[in-house]
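A.B. asks: Sending over a structure as structure tokens; questions will come in a sec.
In the numbering used here, the protein residues as written are 1 to 610.
This is the structure we're talking about:
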């Protein structure tokens, strides 16, 4: 009971900086709170506090692969990376291992409650249990896990290994332990004065161990010396929860809510690194000639050891719009960058940017006459003859704050659905816009909608998924009818045969636009529950649909007037745009990566953009 209480208190302290208030925007810099950073063989690995939050970069952080799409959605606790593409993750349920750089995963340990897992230089396997501390085993077949000798009844917060195989373990209340045999046995390393140790770093050049403590700053111990306080220049009572030693010997300390500090004299004094005021720094990793710094709310940064400045390492720019015209494919990213592919989305080249002035692009449309439209909050950008012009919507509604969620062409007109300002229409190729009156015969206040979630068109008919249900037009948007759904509709899509499908929090529906009636759609292999429903539907390859369910994508194959759901082919993703290609295959833009499928959505491969 005492161990569990200490673990609970430590958890409250350690993870408080990672928690955000409900409904707050994404952290600055585009990253979820960073949990861990590792660098091996010139490749960076970053783990974040989001489902599937695992990323790698082979170019110093300029571009990223989302390698967490195949792991369970359980919370990540730790990450270890070793040469040869070996990655070990500890989640709430199990430890996972990848031997190919994150392309595939296997369970390393059938048990849960494992906080950390190491492959030591001594040839042992070492794991940290949340309750029982160190557990170890010699890396030989038939050996069984055992609790390491010399354990303490305190939560293990960090483990570091020296080049000669020595291991140090930091504990929250039990000080520091030392092992000379790969973690099979431990003994006290005497001190430091503050026993609530959060982080460790070993400097081989200085033969010194550094310890960051809860509300105690930094302590240091050189070979044959006693522990000494090494906190001059740190804020009084600072909690140091991340430590690292760069290649030039400088020591870096990340604090809870006090920013980042650097010492260039082996801990004798510290200087605040500019720009980090108020940040909680959770992870620091030596990389090239500096360090990579991960924070709770400020993002991810690279700092050169010899300079007093850092630069942000931004996550991949999400693809939010995809279109195809005569075999040529265009993609637009959230920041407005345009990309072009002539080979079905395998290779891409840049094609300039949309001059949005920093606003986020959210939709893309190529018209029948070849004009290009990009939607962003409150406006449309129109490209004709290579020139971009900005076209505004009528005043009213949410205006500049209201994003365009989808665009379509129907009945010779262009339509842009906004989230809260209604449906907009242009009869002159996107130059001028009017708000569409979507009220229908006999409408009453009960059926008025406030939000539009989805827009679908088959060229002649239009359908809107709204918070009040279904709004549809069978004459190119000139007149509208409505079907009320108690919980509203989240998404609508026309299948290959022209049948309209919609999804809501209460199920999947097949909608007959002739009489505006809906019956429950049959999807074999799917069982609805209040916590398990499809949030989005997309046209897939051939007659397929692609359904998004709990941040996972499922191929829905036609079967006897309904569909059959296959197992999740991609998990931990938020789909933003999906395009079935005329030559076969699918392209998918997500909030964290860009993917292509050659087999109708059964498997996916990440695509690199320039």
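Even glycine gets a Cβ: it sits at the ideal position worked out from N, Cα and C.
Since the model is a prediction, treat every value here as computed from it, not as a measurement.
(1) Could you check if residue 425 is buried or exposed, using at least 16 other CB atoms within 10 Å of its CB as the buried criterion?
(2) Do residue 188 and residue 173 have their C-beta atoms within less than 8 Å of each other?
(3) Decide if residue 98 is buried, meaning its Cβ has at least 16 other Cβ atoms within 10 Å, or exposed.
(4) Going by beta carbon distance, what residues of the same chain come within less than 6 Å of residue 258, once the five residues before and after it are set aside?
(5) Do you know whose CA, among 184, 504 and 89, lies nearest residue 487's CA?
(6) So, does the region 377 to 390 touch the region 293 to 305, judging by three or more C-beta pairs under 8 Å?
(7) Output needed for residue 9: all residues of its chain with C-beta closer than 7 Å, excluding positions within five of it in sequence on either side, in chain order.
(8) Please name the residue in 606, 573, 582 and 596 whose C-alpha comes closest to that of residue 590.
(9) Run through the region 326 to 378 for me and flag every whole beta strand (DSSP E) of 3 or more residues, listed as ranges in chain order.
(10) Just checking my contact of residue 566 with residue 602 at CB under 8 Å: how many whole Å lie between their CB atoms?
(11) Looking only at its own chain, which residues have a Cβ that is under 6 Å from the Cβ of residue 169, when we skip the five neighbours before and after it?
(12) Per DSSP, residue 293 forms a beta bridge with which residues?
(13) Closer than 6 Å by C-beta to residue 345: which residues in its own chain qualify, once you throw out the five before and the five after it? Chain order, please.
(14) Determine the DSSP secondary structure at residue 578, reduced to helix, strand or coil.
(15) Could you spell out the range, first to last residue, of the beta strand (DSSP E) harbouring residue 465?
(16) With a cut-off of 8 Å on the beta carbons, I'd call residue 482 and residue 470 a contact; round off their distance for me.
(17) Taking 6 Å as the limit between beta carbons, can you name the residues of its chain near residue 203, skipping five residues before and five after?
(18) Looking at C-alpha atoms only, which residue of 276, 166, 206 and 468 is the closest neighbour of residue 266?
(19) Our contact map puts residue 233 next to residue 270 with C-beta atoms below 8 Å; I'd like the distance itself, whole angstroms only.
(20) Provide the residue(s) that pair with residue 426 in DSSP beta bridges, ordered along the chain.
(21) Go ahead and label residue 444 buried or exposed: buried means 16 or more other beta carbons lie within 10 angstroms of its beta carbon, across all protein chains shown.
(22) Span of the beta strand (DSSP E) holding residue 138?
(23) From residue 606 to residue 575, what distance separates their C-alpha atoms?
(24) Can you tell me whether residue 256 is buried or exposed, with buried defined as 16 or more other CB within 10 angstroms of its CB?
(25) How would you call residue 536, buried or exposed, if buried means at least 16 neighbouring beta carbons within 10 angstroms?
(26) Compute the Euclidean distance between the alpha carbons of residue 431 and residue 393, then round it to the nearest angstrom.
(27) From 163, 85, 338 and 89, pick the residue whose C-alpha is nearest to that of residue 51; which is it?
(28) Out of 92, 480, 403 and 462, point me to the one whose CA is closest to residue 492's CA.
(29) Return helix, strand or coil for residue 401, following the three-state DSSP convention.
(30) For residue 183, which residues from the same chain have a beta carbon less than 7 Å from its beta carbon, with the 5 sequence-adjacent residues on both sides left out?
(31) Just to confirm my understanding: we take residue 112, look at its own chain, exclude 5 residues before and 5 after, and list those with CB closer than 7 Å. What are they?
(32) So, for residue 143: in the same chain, excluding its five sequence neighbours on each side, which residues have a beta-carbon less than 8 Å away from its beta-carbon?
(33) Taking the alpha-carbon positions, what's the residue 34 to residue 286 distance?
(34) Helix, strand or coil: which one does DSSP assign to residue 533?
(35) Select from 546, 241 and 331 the residue whose C-alpha is nearest the C-alpha of residue 294.
C.D. replies: Working from what's here:
(1) Counting every other CB atom within 10 Å of its CB across the protein chains shown gives residue 425 a total of 16 or more, marking it as buried.
(2) Cβ atoms of residue 188 and residue 173: not closer than 8 Å.
(3) By the 10 Å Cβ count, residue 98 comes out buried.
(4) Once the five neighbours on either side are set aside, the close Cβ partners of residue 258 are 235 and 238.
(5) Checked all of 184, 504 and 89; the closest Cα to residue 487 is 504.
(6) Judged by Cβ distances under 8 Å, the region 377 to 390 makes no contact with the region 293 to 305, as fewer than three pairs qualify.
(7) Reliability fails at residue 9, whose pLDDT of 48 lies under 50, so the model's placement of it is uncertain and the value that follows must be treated cautiously. The answer is none, since no qualifying residue turns up.
(8) Answer by Cα proximity: 573.
(9) List check, beta strand (DSSP E) in window: 328 to 333, 337 to 341, 349 to 353, 363 to 366 and 372 to 376.
(10) Residue 566 to residue 602, Cβ: 7 Å. Contact.
(11) Excluding sequence neighbours, residue 169 sits near 156, 159 and 177.
(12) DSSP output for residue 293 lists 284 and 301 as bridge partner(s).
(13) The answer, listed in chain order, is 329, 587 and 596.
(14) Assignment of residue 578 by DSSP, reduced to helix, strand and coil, places it in the strand class.
(15) Looking at the DSSP string, the run of the beta strand (DSSP E) that includes residue 465 is 462 to 466.
(16) Confirmed, Cβ separation roughly 7 Å.
(17) Cβ within range, chain order: 245.
(18) The residue with the shortest Cα to Cα distance from residue 266 is 206.
(19) Rounded, the Cβ-Cβ distance is 3 Å, consistent with contact.
(20) Its beta-bridge partners are 414.
(21) Low confidence applies here, because residue 444 scores a pLDDT of 49, under 50, leaving its location unreliable; read the following figure in that light. Residue 444 counts as exposed, since fewer than 16 other beta carbons sit within 10 angstroms of its beta carbon.
(22) That run of the beta strand (DSSP E) goes 133 to 138.
(23) Take the alpha-carbon of residue 606 and the one of residue 575: they are about 14 Å apart.
(24) When all chains shown are included, residue 256 counts as buried.
(25) Buried.
(26) In a straight line, the C-alpha of residue 431 is about 10 Å away from that of residue 393.
(27) Of the listed residues, the one whose Cα sits closest to residue 51 is 89.
(28) Answer by Cα proximity: 462.
(29) In this structure, residue 401 counts as helix in the three-state DSSP scheme.
(30) Cβ neighbours of residue 183 within its own chain (closer than 7 Å, five residues either side excluded): 120, 124, 126, 134, 136, 148 and 167.
(31) Contacts found: 92, 93 and 94.
(32) Once the five neighbours on either side are set aside, the close Cβ partners of residue 143 are 137.
(33) Distance between the alpha carbons of residue 34 and residue 286 is about 16 Å.
(34) Residue 533: coil per DSSP, three-state reduction.
(35) Looking at the Cα atoms, 241 is the closest of the given residues.
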